[in-house]
Amino acid sequence: MGRYVVRRLLQMIPVFVGATLLIFLMVNVMGDPVAGLCGERQCDPATAARLKKEFGLDKPVWQQYLTYMGNVFTGDFGTAFNGQEVTELMSTAFPVTIRLTLIAIAFEVVVGITLGVVTGLRRGRPVDTGVLLVTLVVISVPTFVTGLLLQLLLGVKWGWIRPSVSSEAPFDELILPGLVLASVSLAYVTRLTRTSIAENRRSDYVRTAVAKGLPRHRVVVRHLLRNSLIPVVTFIGADIGFLMGGAIVTERIFNIHGVGYQLYQGILRQNTQTVVGFVTVLVLVFLVANLVVDLLYAVLDPRIRYA
Numbered sequence: 001m002g003r004y005v006v007r008r009l010l011q012m013i014p015v016f017v018g019a020t021l022l023i024f025l026m027v028n029v030m031g032d033p034v035a036g037l038c039g040e041r042q043c044d045p046a047t048a049a050r051l052k053k054e055f056g057l058d059k060p061v062w063q064q065y066l067t068y069m070g071n072v073f074t075g076d077f078g079t080a081f082n083g084q085e086v087t088e089l090m091s092t093a094f095p096v097t098i099r100l101t102l103i104a105i106a107f108e109v110v111v112g113i114t115l116g117v118v119t120g121l122r123r124g125r126p127v128d129t130g131v132l133l134v135t136l137v138v139i140s141v142p143t144f145v146t147g148l149l150l151q152l153l154l155g156v157k158w159g160w161i162r163p164s165v166s167s168e169a170p171f172d173e174l175i176l177p178g179l180v181l182a183s184v185s186l187a188y189v190t191r192l193t194r195t196s197i198a199e200n201r202r203s204d205y206v207r208t209a210v211a212k213g214l215p216r217h218r219v220v221v222r223h224l225l226r227n228s229l230i231p232v233v234t235f236i237g238a239d240i241g242f243l244m245g246g247a248i249v250t251e252r253i254f255n256i257h258g259v260g261y262q263l264y265q266g267i268l269r270q271n272t273q274t275v276v277g278f279v280t281v282l283v284l285v286f287l288v289a290n291l292v293v294d295l296l297y298a299v300l301d302p303r304i305r306y307a
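Numbering (UniProt numbering), first residue to last: 1 to 307.
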């Protein structure tokens with residue numbers, strides 16, 4: 001196991017460098033960031049030259065990237081064009097988005113897997129058909145429609161919640177945004193769990209456990225569910241990064257100043273330092289989540305061994 005972890009960590013290095021290089025190149029072709037600093041008025045040549053020199057934009061792109069990566073390994077993600085440190089923006093944005101992501105993942109795990117087990121064990125029955133129809137509707141409806149509709153009904157019309165989240169973003173105010181963020185993924189987890197449960201239900205080890213007279217709940221939890229969760233864990237592991245980076249729509253709807261909000265502002269204002277800095281951290285989140293998922297395979301299925 002230890003050798004496998006070391007090998008995976010070494011494999012993460014070229015992936016990290018390649019992903020950050022690609023993002024850095026893509027962000028640098030978005031446009032002229034200096035033009036965004038001057039607002040609607042065009043910068044005079046002297047001011048533009050001074051700003052480019054101040055932020056290192058007068059150097060070749062490859063040299064900018066090497067300088068940026070050298071600073072990243074010392075914990076310096078650069079300075080936004082408004083003079084604020086990117087790490088300062090991260091310190092306020094990431095805790096909010098992490099809380100939002102935890103709530104979304106909790107909905108996926110608790111609600112999604114529970115519905116998947118129930119429908120997988122009752123395949124073809126009315127409850128199975130009803131859940132499949134509901135999940136299909138959830139997948140078909142865009143997230144911004146679901147968010148705006150729930151905000152209008154629960155927040156504006158009925159007054160059950162605050163229409164927008166406060167600046168502190170406590171857990172109780174993030175429950176509805178977390179549900180909206182997790183809605184599509186929750187539907188996929190439900191359908192994926194249902195399919196996996198229904199397939200493994202016909203396996204020999206399940207029939208053997210039933211023939212041995214084991215209690216039904218033990219057969220389902222210890223044998224059937226444990227082996228059926230491998231594809232579900234794979235999906236949820238990859239979904240962690242997508243939820244953190246793809247929360248732009250949800251955070252805009254509920255006025256949440258998290259990672260999605262900062263990325264939106266950075267793209268809107270062509271603030272390359274902010275965008276590249278946040279995406280760099282998200283790349284690390286993806287890599288670590290995938291490593292944890294791979295290690296969980298051996299926990300779920302004892303037959304899996306890592307050399």
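Here a beta-carbon is modelled for each residue, glycine too, at the ideal position from N, C-alpha and C.
Within the model, the alpha-carbon separation for residue 241 versus residue 283 is close to 8 Å.
Counting along the chain, no alpha helix (DSSP H) covers residue 169, and no H or E run does either.
The stretch 190-208 and the stretch 110-123 touch, with no fewer than 3 CB-CB distances between them shorter than 8 Å. In the structure shown, residue 193 adopts helical secondary structure according to DSSP, grouped into three states.
Residues 104, 107, 108 of the same chain have their beta carbon placed closer than 6 Å to that of residue 182, with the five preceding and five following residues left out of the count.
Residue 24 and residue 128 have their C-alpha atoms spaced approximately 46 Å apart. Annotated as proximal: residue 111 and residue 186, with beta-carbon spacing under 7 Å. Per DSSP, residue 64 is one residue of the alpha helix (DSSP H) stretching across 61-72.
Residue environment: residue 177 is assigned as buried (16 or more neighbouring CB atoms within 10 Å of its CB, all protein chains considered). Judged by DSSP secondary structure, residue 88 falls within the alpha helix (DSSP H) whose first and last residues are 86-107. Judged by their CB atoms, residue 86 and residue 93 are not nearer to each other than the 7 Å cut-off.
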